[in-house]
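Worksheet: one structure, shown below.
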Amino acid sequence: MKLTFLGAAHEVTGSRFLLEACGKNIMIDYGMEQGADLYENTPLPITEGSLDAVLLTHAHIDHSGYLPLLYKNGFRGHVYATEPTTDLCKIMLLDSAHIQESDAEYKNRKNQRSGKPLVEPLYTQEHALGVHSQFMPCRYNDSVDIFDGITIRMVDVGHLLGSAAIEVTVREGDTEKILVFSGDIGNIRQPLLRDPIPMHRADYVIMESTYGDRTHGPTPDYIGNLTEIIQSTLDKGGNVVIPSFAVGRTQELLYFIRHIKQHGLVKGHDHFPVYVDSPLAVEATNVFKENTYECADEETLELLKQGINPIACPDLRLSITADDSKALNVDKEPKVIISSSGMCDAGRIRHHLKHNLWREECTVLFVGYQSNGTLGRSLVDGAKQVKLFGEPIEVNARIDVLAGKSGHADQNGLINWINSFSPKPQQVFVVHGEDGVTDTFAKLIADQYGHTAVAPYNGESWDLTNLRKLNEGNRQRIQKMQKEVAAADAQPVNSSPSHQEKPQGKQKKQENVSQTYAQLLVAMDKLQDVVERMKNRSRKDQGKLTNYIYNMIRRFGKK
130 MKLTFLGAAH EVTGSRFLLE ACGKNIMIDY GMEQGADLYE NTPLPITEGS LDAVLLTHAH
190 IDHSGYLPLL YKNGFRGHVY ATEPTTDLCK IMLLDSAHIQ ESDAEYKNRK NQRSGKPLVE
250 PLYTQEHALG VHSQFMPCRY NDSVDIFDGI TIRMVDVGHL LGSAAIEVTV REGDTEKILV
310 FSGDIGNIRQ PLLRDPIPMH RADYVIMEST YGDRTHGPTP DYIGNLTEII QSTLDKGGNV
370 VIPSFAVGRT QELLYFIRHI KQHGLVKGHD HFPVYVDSPL AVEATNVFKE NTYECADEET
430 LELLKQGINP IACPDLRLSI TADDSKALNV DKEPKVIISS SGMCDAGRIR HHLKHNLWRE
490 ECTVLFVGYQ SNGTLGRSLV DGAKQVKLFG EPIEVNARID VLAGKSGHAD QNGLINWINS
550 FSPKPQQVFV VHGEDGVTDT FAKLIADQYG HTAVAPYNGE SWDLTNLRKL NEGNRQRIQK
610 MQKEVAAADA QPVNSSPSHQ EKPQGKQKKQ ENVSQTYAQL LVAMDKLQDV VERMKNRSRK
670 DQGKLTNYIY NMIRRFGKK
């Protein structure tokens, strides 16, 4: 019985764990990395076709995003997930595949102009549909025998519609072990969803630690704070631009705004428009409507009994097409715009930031965790100027955060969750947190609460029959050698390129190439884009850039 950590080890995203038991190979999550990439990931030690099953904790892309790649490379086993997760994954994986295809198309247009080889997308919509056909929906709390000697049970963990902690019971000969994979543990008192349901028995727990070093503080007055932000911004004639994850956070915002409108809390703007500018968010909202009863908290169930749609409000408008989205930045009426992605690393939100960040009457409101290396994190940290699509943009808008609004449990919530196990697990493996946070939280629950806890590194493997470490993980930090141009565009001016990982997947370090030279190659690509955009600029501007380039050539072109 062996467990190997292949992702989200001393990093926040990219959840991937391989369990080998009863002669079967089982992957728990297979997600993409987002934000900073600190450690080189150990490759899957077996072929994809050798995987027998995947257990999926929830639909977020950092837990599910590489599933179509598994299918592309030969995986044909079942993917076990809750029914809402199965529904959400269909739209989210198709959306991710569309991004892969679009990014490959963009790169190939550039490569054709420069004579470089064409690239293929990481995976396609066909692969997304293929892996989705392998999903096996499970109901909460049902015990499911997936193989001889292996039984799973999914328990609502309150992070996202359909999210689950997965209990895996393994029986090998006379040995029986219970493993619990927490997935993402939800915050308490979230709108729409139940609080995490405690679990009580496990030999080994693999748990997240995103907020393992801090608390959210007292539960904020979300509706009051959001009302103040909307009121003050609309009074100034500005827009409230909310970068939001299409699945989960967008629906929570609609829940709050429904309450604000129902009770007339914003004065003088009775019919202020609210735009959901994300086709994925629109589809996800429909999935929420269809699955609300299975995951809803008592307050939401009471609204449903009264015939009230908890995530619908007057003056709600949906932007589906690209033209719909562009029109929002032409329309001068003050409005609320909810758009993805939540960390501003991709999607339509970047266009809205370009048109609103420089306007001091506008507000950009963040409502979720911002990973290191993302544009969202730079704005929250106080960047005065950023680059979007190669253009420097002054940050004059109000930058605000809806305090405490997180789908993740804070330190107290994590402690309460792990302390619900009695007797204490033999070992707690702390994952899914920033580099220092995993160690901090493991030490905290060991020193103060008596747990045996470690924070494994990528590639680390353990024999769970005898509880001994088989392989050390990779503790050597890496730095990304190259960036996608689209990711490099979304960085603060005068900062070094971030470790942002684009959806195409991880690019490996190149031998004998320094980091500085790799950054120079990125700058060359960006300069080519600038030159192409100069075609329709004035002759004066074209002449200035020409002289500037020749000056650089004269300065650096000597052998």
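Counting in my numbering, the sequence shown runs from 130 upward without gaps. Note that beta-carbon positions come from the ideal geometry of N, C-alpha and C, so glycine has one too. Values in this document were obtained by computation on a predicted structure and should not be read as measured data.
- Would you list the residues sitting across from Phe-146 in a DSSP beta bridge? DSSP lists Phe-134 and Ile-157 as the beta-bridge partner residues of Phe-146.
- Counterpart residues of Gln-514 in DSSP-defined beta bridges: Glu-523
- Which of helix, strand or coil does DSSP assign to Asp-216? In the structure shown, Asp-216 sits in a helix (DSSP, three-state: H, G or I).
- Query: If you draw a straight line from the C-alpha of Gly-511 to the C-alpha of Glu-490, how long is it?
  - Reply: 17 Å
- Task: Taking 8 Å as the threshold, find out whether the stretch 455 to 466 comes into contact with the stretch 476 to 486 through three or more Cβ pairs.
- Result: Result yes; three or more Cβ-Cβ pairs closer than 8 Å.
- Query: What number of angstroms, rounded off, separates the C-alpha of Asp-444 from the C-alpha of Val-403?
  - Reply: 6 Å
- Task: Flag this pair as touching only if the stretch 348 to 357 and the stretch 559 to 579 have three or more C-beta atom pairs under 8 Å; answer yes or no.
- Result: Contact between the stretch 348 to 357 and the stretch 559 to 579 is absent, because fewer than three Cβ pairs lie under 8 Å.
- Query: Tell me which same chain residues have a C-beta within less than 6 Å of the C-beta of Ile-528, skipping the five on either side of it?
  - Reply: Short of 6 Å from the beta carbon of Ile-528, and not among the five residues preceding or following it, lie these beta carbons of its own chain, in chain order: Val-493 and Leu-508.
- Message: Judging by CA-CA distance, which residue of Met-472, Lys-131 and Tyr-578 is the nearest neighbour of Val-299?
- Response: Lys-131
- Item | 8 Å Cβ cutoff met for Ala-294 and Val-309 | yes
- Query: Going by alpha carbons, who is nearest to Leu-167 out of Gly-136, Val-376 and Pro-266?
  - Reply: Gly-136
- Item | Other residues of its chain near Gln-657: CB distance less than 6 Å, five sequence neighbours each side excluded | none
- Message: Between the alpha carbons of Val-622 and Ile-175, how many angstroms are there, rounded?
- Response: Low confidence applies here, because Val-622 scores a pLDDT of 40, under 50, leaving its location unreliable; read the following figure in that light. CA-CA distance, Val-622 to Ile-175, rounds to 42 Å.
- Going by other Cβ atoms of all chains shown within 10 Å of its Cβ, with 16 needed for buried, is Ser-179 buried or exposed? exposed
- Whole-angstrom C-beta distance between Val-416 and Asp-691, which should lie under 8 Å: With the chain covering only 130 through 688, there is no way to say anything about residue 691.
- Item | Spatial neighbours of Val-297 in its chain, beta-carbon cut-off 6 Å, leaving aside the 5 residues before and after | Ile-281 and Leu-308
- Could you give the distance in angstroms between the alpha-carbon of Arg-343 and the alpha-carbon of Asp-539? Whole-angstrom Cα-Cα distance: 6 Å.
- Query: Just curious, the beta strand (DSSP E) that Trp-591 is in, first and last residue?
  - Reply: 590 to 592
- Message: For His-398 and Leu-289, I'd like the C-alpha separation in whole angstroms.
- Response: One alpha carbon belongs to His-398, the other to Leu-289, and they sit about 32 Å apart.
- Item | Inter-residue Cα distance where the pair is His-261 and Asp-271 | 21 Å
- Item | Contact set for Tyr-384: own chain, Cβ-Cβ below 7 Å, skip 5 residues either direction | Pro-320, Leu-321, Pro-439 and Ile-440
- Query: Hey, would you say Glu-140 sits closer than 8 Å to Glu-169, going by beta carbons?
  - Reply: Going by beta carbons, Glu-140 and Glu-169 fall outside the 8 Å limit.
- Task: Please confirm if the stretch 239 to 259 is in contact with the stretch 222 to 229, defined as three or more CB-CB distances below 8 Å between the two stretches.
- Result: yes
- Message: Assess contact between the stretch 411 to 431 and the stretch 357 to 371, defined as three or more Cβ pairs (one per stretch) separated by less than 8 Å. Is contact present?
- Response: no
- Item | Beta bridge counterpart(s) of Arg-597 as assigned by DSSP | DSSP lists Asp-592 as partners of Arg-597.
- Say yes only if the C-beta of Asp-539 is nearer than 7 Å to one or more non-hydrogen atoms of the ligand MN, and no if none qualify. Summarising the ligand content, the structure contains no ligands, and the ligand MN is consequently not present.
- Query: Can you tell me where the beta strand (DSSP E) with Asp-444 in it begins and where it stops?
  - Reply: Run containing Asp-444: none; DSSP gives neither H nor E here.
- When we look at the beta-carbon of Asn-420 and count the other beta-carbons within 10 Å, is it buried (16 or more) or exposed? Asn-420 comes out buried.
- Query: How many Å lie between Asn-259 and Leu-147 at the Cα?
  - Reply: Looking at the sequence provided, one finds Gly at residue 259 rather than Asn. When rounded, the distance between both Cα atoms is 22 Å.
- Closest Cα partner of Arg-378 within the set His-189, Arg-684 and Asp-670: His-189
- Give the straight-line distance between the Cα atoms of Asn-545 and Pro-327, rounded to the nearest whole angstrom. 9 Å
- In whole angstroms, what is the alpha-carbon distance linking Thr-133 and Glu-589? 6 Å
- Query: With which residues is Glu-305 paired in a DSSP beta bridge?
  - Reply: Bridge partners of Glu-305: Arg-300.
- Item | Cβ-Cβ separation, Tyr-333 to Phe-558 (assumed contact under 8 Å), whole Å | 7 Å
- Under three-state DSSP, which class holds Glu-337? strand
- Tell me, please, which residues DSSP counts as bridged to His-480. BP columns for His-480 are empty, so no partner.
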